[in-house]
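Protein chains in written order, with the working numbering: chain A, -4 to 254; chain B, 2 to 257. Each residue gets a CB set at the ideal place from its N, CA and C atoms; glycine is no exception. Bear in mind that the values here come from a model prediction, so they are computed numbers and not experimental data. Single-structure report; data block below.
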Amino acid sequence: MAYLEVRGLRKSYGTRSGPTAVLGGVDLTLEEGELAAVVGYSGSGKTTLVSLIAGLIAPDRGEILLEGVPVTGPGPERGVVFQQYSLLPWLSVRGNVALAVDAVNSGLPASERRRITDEFIALVNLTPAAWKRPRQLSGGMRQRVAVARGLAMRPKLLLMDEPFSAVDALTRATLQDELLRIWGERRSTVMLITNDVDEAILLADRIYPMTPGPDAVLGPAIEVGLPRPRQRRHMSLEPAYQKARQALVEFLRAARTAR
Amino acid sequence: MRIDISQQVILPLLGAACVLVIWSIVSVSVAPDLPSPGRTWRESQRYVLEPFFKDGEMNQGIGRLAFYSLVRVGKGFALALAIGTPIGFLLGLSRRFHQSFDPIVQFMRPISPLAWLPLGLVIFQKSEPAAIFTIALCAMWPTVINTAVGVRSISPDYLNVGRVLKLSRFKTLTRIVIPATLPYVFTGYRLSLGLAWLVIVAAEMLTGTPGVGGFLWQEYNSLVYSHIILSVITIGAIGFVLDRLMGLVEARVRID
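Below, the structure written as structure tokens:
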């Protein structure tokens, strides 16, 4: 059995014109220590998938098993980096990270929790801004706080919902490199949701393409054969990159025409 | 810089001058009983220049009278917040509580202070607690309603953070719900303070207790009309200052 197993996941939302089936039977697996990506068009139901795995909403049908245990609700073992970061604006960078650290380490003494908090702030290079409020930070810095908070939960699985979609292209590249570095150091299990094919190839070991909704499903996983550590430069010239890209783009294009 | 001064000082002064002119014209033409600005000042200057003199229960400097009123309003306002804030949170947090008590809130909100005061006198038998009861009962509604609206408009994103972290109910309340609601709560406090100050005049008039409102009514009965104007101006000035002070507090808790 895989580390994370998602089987036959279905979810519809009731709208005025009747129920809309967002997910029509999603299957996916994730191995421990793997960084997998789900790529799909905007509005295809990727955020719904994240919310389901996070346990924030309940599926109509299907099941989610993390280490064989069914997911029945939200919990810090499935950390989330939300698309809009959802930082608490009345807390400093430190306060936002400490909230997560304190929540999952209630047994530890305060000094130890403080040390862990500092460690995660340092990990995303925000030590100089630790006392700033989110509104004083740039988009890229806010994103880093969200990543630090997500990692600070020490989750078995970190769900990242289009984490770089709200920053400009230059910042996005920096943040992607940073995620590569952090993931290289810690080897957390990460499920990355994105609509950017190149981002997925740069970061992920395996990529699930998602058909456009309604009734979205995932296509067969595409292995990214690029060696790690990866470098952004020259990557697009590698045959492995081109092979993965072609497979992804072809699937997504075919899925769209089939609609 | 020069434009700033003209806009922030000269223009408001111009507005005030206009009012003075209209007041003077009215006092010499339509309403001969209305004291002119000059006469008002002559008859009131002792109350303003020696604001803390005390010749008798109802004949005191305007500063002393304003102080009595402010203390009374402070008590009523504090009571309004102490009752209104928890009710607001309960209305926002619990659907059942909302269904049970929201109709009552909507029903009691438009009742005038003049209607509550006699009831307060019946309940408490004394004018002072009756006045405070009336102020609290009239002033608490903006706090109740703003707090409830604030709780209900917390972004689900913030609550989802709490859910992912599995915060306890108490921690969700103290770490997320209350801080997220605070700006609404303080807007409610500011409106409540404005209402409390509105109610004080009516409460003091009806109970005859010493204070700006009581003084105003007594001077009307003793035909010293200039002192009515003195009271009115004092009430306006204090109301303005109170609102500005609460505005400063409100700005401090605002989150953008």
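Across the region 143 to 165 of chain B, CB contacts with chain A closer than 7 Å involve D158, Y159, N161, V162, R164 and V165, in sequence order along the chain. Of the residues assessed, A:M(-4) falls on the exposed side of the cut-off, its CB having fewer than 16 other CB atoms within 10 angstroms.
Closest by C-alpha distance to A:A235, out of A:R228, A:E173, A:P222 and A:A93, is A:P222. With fewer than 16 other CB atoms across the displayed protein chains lying within 10 angstroms of its CB, A:P65 is exposed.
B:I136: member of the alpha helix (DSSP H) spanning S128 to R153, first to last residue. A direct Cα-to-Cα measurement between A:E26 and A:L60 gives close to 12 Å.
Interface annotation for the region 90 to 124 of chain A against chain B: L94, A95, A98 and V99, criterion Cβ-Cβ distance under 8 Å. For A:A49, the nearest CB of chain B lies under 8 Å from its own CB, placing it at the interface with that chain. Within the region 171 to 205 of chain A, contact with chain B at the beta-carbon level (separation under 7 Å) is assigned to no residue.
Taken atom to atom, the span from the alpha-carbon of A:T43 to that of A:V34 is near 13 Å.
Below the 9 Å Cβ cutoff, chain A contributes L83, P84, W85 and L86 as neighbours of B:P180, in chain order.
Taking CB atoms only, A:P158 has no neighbour in chain B less than 8 Å away. Check the Cα spacing between A:A211 and each of A:Y(-2), A:N91, A:A16 and A:R2: the tightest is with A:A16.
When Cβ-Cβ separations below 8 Å define contact, B:K167 makes contact with chain A.
For A:F77, the nearest beta carbon of chain B is closer than 8 Å to its own beta carbon. Chain order gives the chain A residues near B:R176 as L94, where near means a beta carbon separation below 7 Å. In this structure, A:D113 is the residue among A:I48, A:G214, A:D113 and A:V219 with its C-alpha nearest to the C-alpha of A:R144.
A:L4 sits in a strand when the DSSP states are folded into three classes. In the DSSP assignment, A:R167 falls outside any beta strand (DSSP E) and within the unbroken alpha helix (DSSP H) covering A164 to R181. For A:M148, the three-state secondary structure derived from DSSP is coil. Against chain B, the beta carbon of A:M148 has neighbours under 9 Å at V165 and L166, listed in chain order. CA-CA distance, A:A98 to A:E173, rounds to 26 Å. Note: A:T206 is not bridge-paired with any residue in the DSSP secondary-structure output.
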